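Notes follow the structure.
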Amino acid sequence: MEANKKCTENALKQALRKRQPGNLPSNFNYRMMELVRLEAEKQRKRKERTMLCGMILGILLLIGMAVYTLVFKLEFNLKECLSGVDWSDTASPMMVFYSYIATLVLLLLGLDYWLRKKKFHS
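Taking the numbering used here, the leading residue of the sequence shown gets 138, the next gets one more, and so forth.
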């Protein structure tokens, strides 16, 4: 038992003496932190895409359920609701104008969101 222990100690001492000290490159920490940062960025983007797809899927599902409920369950008829609306020539230019303004507002809100997000992440 005692001889076995001495043999093991000698083997450990010899192994420690033979061990060559491996020095790491000077920029090892920087490279490793850069790899960690890149992987974290990939995970963040993947998570963002997953959440966006989930939101779009949820919105489409809710819209589909609303249309199904209106048409099939409540027997909603769009022609009957719009039959009382007067589609005269004076209302048409106003509809075009309001549609134009609504489109501009939506585009500007989207652009504002995109620019704020870009500024925050840079």
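Glycine is no exception: its CB is placed at the ideal position from the N, C-alpha and C atoms. Because the structure is a prediction, the values reported are computed rather than measured.
How far does the alpha helix (DSSP H) with residue i in it reach, from first residue to last?
i, result
"LEU161", "Premise fails: LEU161 is in no alpha helix (DSSP H) and is neither H nor E."
"GLY191", "165–205"
"ASP217", "First, the residue type needs correcting, since residue 217 is Glu and not Asp in the sequence shown. Where GLU217 is concerned, the enclosing alpha helix (DSSP H) stretches over 215–219."
In whole angstroms, give me the CA-to-CA distance for residue i and residue j.
i, j, result
"ASP249", "PRO162", "45 angstroms"
"PRO230", "LEU241", "17 angstroms"
"ARG253", "LYS216", "43 angstroms"
"ARG183", "MET192", "14 angstroms"
"ILE238", "VAL222", "22 angstroms"
"TYR205", "GLY195", "15 angstroms"
"ILE200", "PHE234", "27 angstroms"
"PHE257", "TRP251", "10 angstroms"
"MET202", "LYS255", "34 angstroms"
"LEU243", "LEU198", "22 angstroms"
"GLY166", "ARG181", "First, the residue type needs correcting, since residue 166 is Asn and not Gly in the sequence shown. If I take the Cα positions, the gap works out to 22 angstroms."
"ARG186", "LEU246", "20 angstroms"
"MET170", "ASN160", "18 angstroms"
Residues in its own chain within less than 8 angstroms of residue i by CB, not counting five upstream and five downstream?
i, result
"LEU207", "PHE213"
Looking at the C-beta of residue i, does it have a partner C-beta in chain C at a distance below 8 angstroms?
i, result
"ILE193", "In summary, chain C is missing from the structure at hand, where a single protein chain is found."
Under 7 angstroms Cβ to Cβ from residue i, same chain only, skipping five residues before and after it: list those, please.
i, result
"LEU172", "none"
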